[in-house]
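Chains as they are written, first to last, in the working numbering: chain F, 1 to 232; chain W, 233 to 1274; chain D, 1275 to 1348; chain G, 1349 to 1471.
Where is the CB? At the ideal position from N, CA and C, for every residue including glycine.
Worksheet: one structure, shown below.
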Amino acid sequence: MIRNSILLLIIAGLAFIFYHELSAYHGNDGLNETANYYATKGLSEVGAANLVTSVVVTYRGLDTLGEVTILFLTAAILALMFKTSHSQKETQKRITSELLITASNVLLPVIFLVGIYIFINGHLTPGGGFQGGAVLASAMVLMLLSISGRKIKHAVLDFIEAISGIAFVLLGILGIFLAGGFLDNSIFSLGTFGELFSAGAIPVIYSFIGLKVGAELSNIILVLNQTQNVEK
Amino acid sequence: MVSPIYIIAVLLGIAFLLGLFKQPGANFVRFAAVITLAFPVFVSVGWLIHFIIDPAEPFMVYTAGALPPFSINLKMGLEEAFMTSAVNVLGFFGFIYLYKTLKAQGEKAVVLFLVLIMGLNVVIMTRDIFNLFVFLEISSIALIGMIFFKRDLNSFSAGFKYLIAVTVISSFLLIGIGFIYYLGGTLNIDDFIANNNGLTRGLSTAVFLVLIAVLLELKPFPANGWALDVYQAAHPGINAIISAGTATAALFAVYKLLPFGGDLWLNIAVIIGLITFLGSNFLGISQKNANRLLGYSSIGQIGLLLAVMGFSKHLGEHFQMVFFALFISHFLAKAGLFWLSGLIAKDEIKDWAVLRKKPHLLFLFGLFVFTLIGFPPFPSFYGKWQLVMDLASNYNYWWIGLILLGSIFEGVYLFRWLGYAMKLEPEEGSSIKLDWEKIIPIAVFGLLIFLASYFTNEIFPSNFNINLIPVYFVLFLFVIDFLPAYIKNTIAIAGMGFYAYYIYPDIEQDTLRLVFAGIFLLGGILTMFAGYSVKGRRPGFFPFAIMMYAGLIGLVEAENLFQFFFAWELMTLGSYILIIRGKKSILHAYNYMLFSLGGAYMIFMGIALAYNGHTSISLEMLQTASFPGWAYTLLALGFLTKTAALGFHIWLPGAHAEAESDVSPMVSGILLKGGVFGLLVLFMAMGGEQAGEHPLLYALGWLGAITALGGNLMAVFQEDAKRLLAYSSVGNLGYILFAFAFMTNIGWLTGLTYSINHFLFKTLLFLAIGGVVWRVKTHNMYEMGGLIKRMPWSFIAVLIGIITLAGIPPLSGYAGKWLFYNAVITKGWYFQGAIVFFAGTIAFLYCFKLIYSIFLGQPKDKFRKVKEAPIWYLIPQFILMIGIMVFSARPDLILKPIGDLLSQSAYFPTDPLSWENVTASTNLGYWSGYKIMLVIGGMFVVLLAWLMIMSRKAKNVKQFNIVYAGERPFTPETTHYSHNMFAPFNKALGFLTTPVVTDFWNGVNDTSHAFADSFRKIYTGNGQTYIAHILAYIVIVYLILL
Amino acid sequence: MALIMIVMAFIAIYHKSLQVAVIASGIISLFASVIYIFLAAPDVAITEASIGSALTVVIFFYVLNKIRRIDDKK
Amino acid sequence: MKYFSVEYISIFAGFILLLIGLWGIISQKNILKIIISFSIIDTSIHLILVSVGYIKNRTAPIIDGPVTRADAAQQVTDPVPQALVLTAIVIGVGITALMLSYALKLYEKNKSLEIDKYKSLKW
């Protein structure tokens, strides 16, 4: 009881802090200087219709690189953590309903396509690499559900992950030589505004991000799926 | 210059690439990683050199083809270059150290390592607050992936605690960042600082959230249990990265963000930092687990560095220097210690005794410990000095007090640990596996400490210049430590001789200094002679002996307080190692170190107080000290710890008695004079005889008198010959203190005479007794007896020694007494004088015991064949005896110039001693050493002749011609006449020798340990409680700020 | 909607069944993504829905499943 | 009445959820419950951040349809918080996965999900 009241007191204190923060909130009347810059100059500099994409991929591209790295790390750590389990893998056959298999066989290509569409069009419409990647990963979930027992090779995923990661970095470096700096998207022509192949390197980069995120998330799920709890 | 963006690109690119390689290419993976990690070292060190050579504008890396604040930019300036260099060097060697561990973990672990180093680099360089957040997360996560390398329950639970703690902290950071963007309109650090002057309530809360989050990343006390658990559970190689690498980056992140909060947050940083420094070190004192202890220490050091950042306004242009010095010490030493811990591969600090088997590693361990504590010539010494001086100029005395107190706590556990490593018996069968990939990083960091020390000395303000010749000589002795002892001994003696010749012209005019230089250098040479009797290499002895002498002579040479303090600490360091070399001296050396540390910090604080408002730190500055009362008292107390005044004496008997035979005379006859010299410097600064009625002097006079009585009393009841001499030293130093406290011309002469005498006879006695002990292998006097026939020369030496000690005419001890009575009468301190006089009569008792028990009476069977002491012990004894004779016969040779100096100086113009050839006279009487010598000598010859004639007919009985009757006692030793020799006196006066002081200090020790023990119970080990600590910490700091 | 989210949060914390708690937290995410649509943030909405709610819940369930299996072995 | 518009409601709800989540972290003993609390906190922070960037009566920061290039600055909401939240969501899922795998590993080792049971390291 005493413990709980102390904890409650702490939460009350935090609420007090947050109250101060909240009371400073008064809505927005317009864009601030930074956002204004993106809204006005963003189009000519980056050429992506989706301003969020131009911020994510270009202006704050380093953040995005970092965030992809975090997923990469997570996948690596999980693989490392459950490493000992892999060697003693016992293949557990589970009976999967015929319906699910058929459905997945039909659905899988569609889902893959949707995912790819989402990240390729990230500079035009809502969505992009992360969302597309998540969709790809959900395909992986479906695959695992339907074809349990069949091994899905880590190697393939790792390969996709590594290649897209390196491509991301290389594109970034190209920016230093061909354009204004690391991760500058104008290494390719900005193209016609609103078209698929516009906004310079954004579609390319976002595709790699999508592939990478998809591969990483799939890897995470795969590791968790394949762990067979052998350690006592 | 290579753009720092390539650090990110290369590390990350290779990390991604390595994902492709599977087990078969495993070795290749790690090899590639080593090459990859060398690249950022190359880049950042390149920039560092660039900025050091040419302090140019920082280099900015822009990304995305847009300018900040609209895109993320990185900055590479001098500070960034230094910090990234540190991190990258650590990364490189840390990887080499972890090579085998990583191999066992597979290629994913290598990837984590690369990404971690990359993340830390960006955290340091980025100028965008959200980017900072992302890369802080990256480095935390990469670390979390490495904490569980041991794969036991502890490491997993520690990793989980770390994970949840970091996540909570970053939640607050994220909210703060959101509102900073909302209210400040930018995410760019420079932009925000430039455009936001006044903080509104909402903005200040947002800034609060951001800053408290980054501060919490530094693990402030007491919201840091999660980090401690990690230190305890993780692989030491990882701990090194956390302590030296992650903390470095987080510290720099705080440094970048602190300007957000203005001056207010500078103060917060100071408070948080110092509470952490103090609290963490305090809790460390009762910690037994080595890695966890290092964790406490590490967190404490980071707290200190944080406080230094908070002090940046006070430090002004010195900030970079102070920060560099303190940082590099922590960085190199802590990484080295964690790495060492990995080699030991055991948990308890007592297990480190195994280091004894590998002297080189032991040397490195000592090096790291001394670097951390801040001994010269290591960088943190310079850093602490400048920090304390600048704080003093701004009246921040409480802060200084806290810093010094924290440093003492740090010393308490570090020196206990060092003592264990040096002296405890290693466990049976334990050993250290020497892997080269682990040794190399440790050794490299050890070397870097020397490099950093040199560099710190270079960038230190030039007028503080330290004479480094003795230091280099000590280093040289370390290098040639593989040679046999006699060669090193010769080199050491030659070095000291040369140095005496070298400095003679500088101090020729200043007789006072000349006397002390003579005691230190010539005395040093004499005591070194005894070292020739040691066979073999005697590893580690000579460098430290010379270090002690270098410190002592440095005191004499010092022209300013910095040089003085430098020398003082150097002397402490050397003598500590000398003392701990003794057989059972682990506890005594520890006590010695703690008292020395406490004393040194009192001196430090005294200097700091005196310094306020001055621009000069010359010794003369003390004359016009600010806060003279406090400053002088602290200085006096500090020096008294070294002279072992009653109350501070408990380290001395053990330390002197247990030391090696030839070390005892060094630390007794010579080392104690260092403290005396300090007192003289202080007393002169107080203004000589004008300060005669100063209450401090009055108190010191009493203290001296009581010390004299107490020391002598305790000496009487000793059974251990060396311990007896040691207590006698306590008493003698009491006389000296008493005499100097008169603050009169003649009082000082008395004090100096006592000092010279004490040097002569105590060195002589310790050498003589040391020679005896060398042969009979015991300290207990009741086990000796009758050695006069076997060791006649030693007997003569002891006889001369005790005659001088007891002040019996004709030897120079009597000269001291004569001066003493004059001084007492002139001054009028009759009552104290009576006490000292009484103490003098007690001295007769133990003098008698010493010579009687050892040399007279029945010899023991086992010592029938014992030989005379080694010739190398006897030679210096004879030189000393000649010295005593000369000084007794012609005291004017030394006393007259000193007297002239004193009376001609501004300090002691009145009532000098007047000399007429060899006859000295005051208005109370006259005395001529020469004539007394003749008279007494004549009487002696007459008496001797008479005795010879009278005893010619006496039968020469064989020494063993006595027949016992009755039963054989069970414990024959206790029937020896000298066992409990003065039992009747003990009944009468024994109550005075109850170890009140020892009990007192034990009480202090126990109480603080008990407090620390009960307080660290807040680290319950429950991850949830740690989270509650963090949240409560946030709330409390917020409420305080309100 | 906000009220439902808050109620769900309490369910997530206090409901005995872990499955229910996980689903409740997924619902919070889902509702949040609806709010993002109102807040003119379609990008965030899609991401939150696909990653924040769907994927997280899937991962949770994988782990719950594993834990159950460890129990079974016991 | 302005407090009943969507951005006020969402930011308020965000803070309430944040507090509930924090309460969950320090009051719940079950490790999985703690992790669930973390994901609630994540969501709440995202909610707060997105609300912070919202501007009344403006559209998503995508330039097509009614939003023209010329006056985009007057028509769209702030893209930056949305970009930050995108990043934060992905980081969040990574951390959640990490926590869960740690929890799984702890359970494997000690067969318990009570956080009180992991106190072997202390003082």
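What separation, rounded to the nearest whole angstrom, lies between the Cα atoms of leucine 596/W and leucine 569/W?
Rounded to whole angstroms, leucine 596/W to leucine 569/W spans 9 Å at the Cα level.
If you count every other CB in all the chains shown that lies within 10 Å of the CB of tryptophan 1061/W, and 16 or more means buried, which is it?
Label assigned to tryptophan 1061/W: buried.
Answer yes or no: does any C-beta atom of chain F fall closer than 9 Å to that of serine 1387/G?
No, serine 1387/G does not count as interfacial toward chain F.
Need the endpoints of the beta strand (DSSP E) that tryptophan 1159/W sits in, please.
Where tryptophan 1159/W is concerned, the enclosing beta strand (DSSP E) stretches over 1157 to 1160.
Taking the continuous beta strand (DSSP E) assigned at tyrosine 294/W, which residues delimit it?
First-last of the beta strand (DSSP E) with tyrosine 294/W: 291 to 294.
Under three-state DSSP, which class holds tryptophan 862/W?
Of the three classes helix, strand and coil, the one that applies to tryptophan 862/W here is helix, per DSSP.
Nearest chain F C-beta to glutamate 1477/G closer than 9 Å, yes or no?
This structure does not reach residue 1477/G, given that chain G is present from 1349 up to 1471, and the question cannot be answered.
Taking Cβ to Cβ, would you say glycine 1401/G is nearer than 9 Å to threonine 1425/G?
Cβ distance < 9 Å, so glycine 1401/G and threonine 1425/G count as in contact.
Evaluate contact between the region 842 to 859 of chain W and the region 894 to 907 of chain W, counting only Cβ atoms and requiring at least three cross-stretch pairs below 8 Å.
Counting Cβ pairs under 8 Å, fewer than three are found: no touch.
Does the region 1369 to 1377 of chain G come within contact of the region 377 to 387 of chain W, defined as at least 3 CB pairs closer than 8 Å?
No, they do not touch.
May I ask you to verify whether the region 784 to 796 of chain W touches the region 762 to 771 of chain W, counting CB pairs closer than 8 Å and requiring at least 3?
Touching, no, given that fewer than three Cβ pairs across the two stretches are closer than 8 Å.
What does the Cβ neighbour count give for histidine 1208/W, buried or exposed, with the cut at 16 atoms within 10 Å?
Per the 10 Å Cβ criterion, buried.
Excluding the 5 residues preceding and the 5 following serine 1281/W in the sequence, name in chain order all residues of the same chain whose CB lies nearer than 6 Å to its CB.
Any property of residue 1281/W remains undetermined from this structure, which presents chain W solely from 233 to 1274.
Taking its Cβ as the centre, do 16 or more other Cβ atoms sit within 10 Å of valine 1269/W, making it buried, or is it exposed?
The residue is buried, with at least 16 neighbouring Cβ atoms inside 10 Å.
Got a sec? Which residues, its chain only, sit under 7 Å from isoleucine 1057/W by beta carbon, not counting five neighbours each side?
Leu1156.
For glutamate 98/F, count neighbouring C-beta atoms within 10 Å of its own C-beta (all shown protein chains included) and say buried if the count is 16 or more, exposed if not.
Exposed.
Between threonine 1151/W and threonine 985/W, what straight-line distance do the alpha-carbon atoms span, to the nearest angstrom?
Going by the C-alpha atoms only, they are around 16 Å apart.
Can you give the beta carbon distance from alanine 1121/W to tyrosine 1084/W, rounded, assuming they're within the 8 Å contact cut?
The pair is not a contact, with the Cβ atoms about 28 Å apart (cut-off 8 Å).
Might you give, ordered along the chain, the residues of its own chain that have their beta carbon closer than 7 Å to the beta carbon of isoleucine 1034/W, omitting 5 neighbours on each side?
Here the set comprises Cys1079, Leu1082, Ile1083.
Roughly how many angstroms separate the alpha carbons of valine 110/F and alanine 103/F, rounded to a whole number?
Each residue's alpha carbon lies about 11 Å from the other.
Apart from the five residues on each side of it in sequence, which residues of its chain come closer than 8 Å, Cβ to Cβ, to valine 242/W?
For valine 242/W, where only same-chain residues beyond five positions count, the Cβ hits under 8 Å are Thr268, Phe271, Pro272.
Does alanine 726/W pass the burial test, meaning 16 or more other C-beta atoms within 10 Å, or should it be called exposed?
Exposed, by the Cβ-count rule.
Just checking: is the beta-carbon of serine 54/F within a distance shorter than 9 Å of some beta-carbon in chain G?
Yes, serine 54/F lies at the interface with chain G (some Cβ there is under 9 Å from its Cβ).
Would threonine 358/W count as contacting chain F if we go by Cβ distances under 9 Å?
Yes - at least one Cβ of chain F is within 9 Å of the one on threonine 358/W.
Using the DSSP secondary-structure output, state which residues sit across from asparagine 977/W in a beta bridge.
Asparagine 977/W is not bridged to any residue.
Does any C-beta atom of chain G lie closer than 9 Å to the C-beta of isoleucine 1344/D?
True, the Cβ-Cβ gap to chain G drops below 9 Å.
Given this structure, state the Cα-to-Cα distance separating isoleucine 1388/G from isoleucine 1285/D, to the nearest angstrom.
Between isoleucine 1388/G and isoleucine 1285/D, the C-alpha separation is close to 12 Å.
Out of Phe556/W, Pro673/W, Met946/W, which has the shortest C-alpha to C-alpha gap to glycine 616/W?
A small correction: the amino acid at residue 616/W is lysine; glycine does not occupy that position in the sequence shown. When each option's Cα is compared against that of lysine 616/W, the closest is Phe556/W.
Using 8 Å as the cut-off, can you tell me whether the region 820 to 840 of chain W makes contact with the region 660 to 676 of chain W, which would need three or more C-beta pairs spanning the two stretches below that distance?
The answer is no - the region 660 to 676 of chain W does not touch the region 820 to 840 of chain W, with fewer than three Cβ pairs under 8 Å.
Determine, using beta-carbon pairs with one atom in the region 1285 to 1304 of chain D and one in the region 44 to 53 of chain F, whether at least three such pairs fall under 8 Å.
The answer is no - the region 44 to 53 of chain F does not touch the region 1285 to 1304 of chain D, with fewer than three Cβ pairs under 8 Å.
Helix or strand or just coil, what does DSSP make of methionine 918/W?
In this structure, methionine 918/W counts as coil in the three-state DSSP scheme.
Given a threshold of 16 other Cβ atoms within 10 Å of its Cβ, counted over all protein chains shown, does arginine 3/F qualify as buried or as exposed?
Its Cβ having fewer than 16 others within 10 Å, arginine 3/F is exposed.
Sort out for me which residues DSSP pairs threonine 1154/W with in a bridge.
In DSSP, threonine 1154/W forms a bridge with Gly1157/W.
Answer with buried or exposed for proline 1216/W, where buried requires no fewer than 16 other C-beta atoms within 10 angstroms of its C-beta.
Exposed: under 16 other Cβ atoms inside 10 Å.
Mind pulling the chain W residues with CB within less than 7 Å of histidine 123/F?
None at all; the shortest Cβ gap to chain W is about 14 Å.
Which residues share a DSSP beta bridge with aspartate 952/W?
In DSSP, aspartate 952/W forms a bridge with Asn1012/W.
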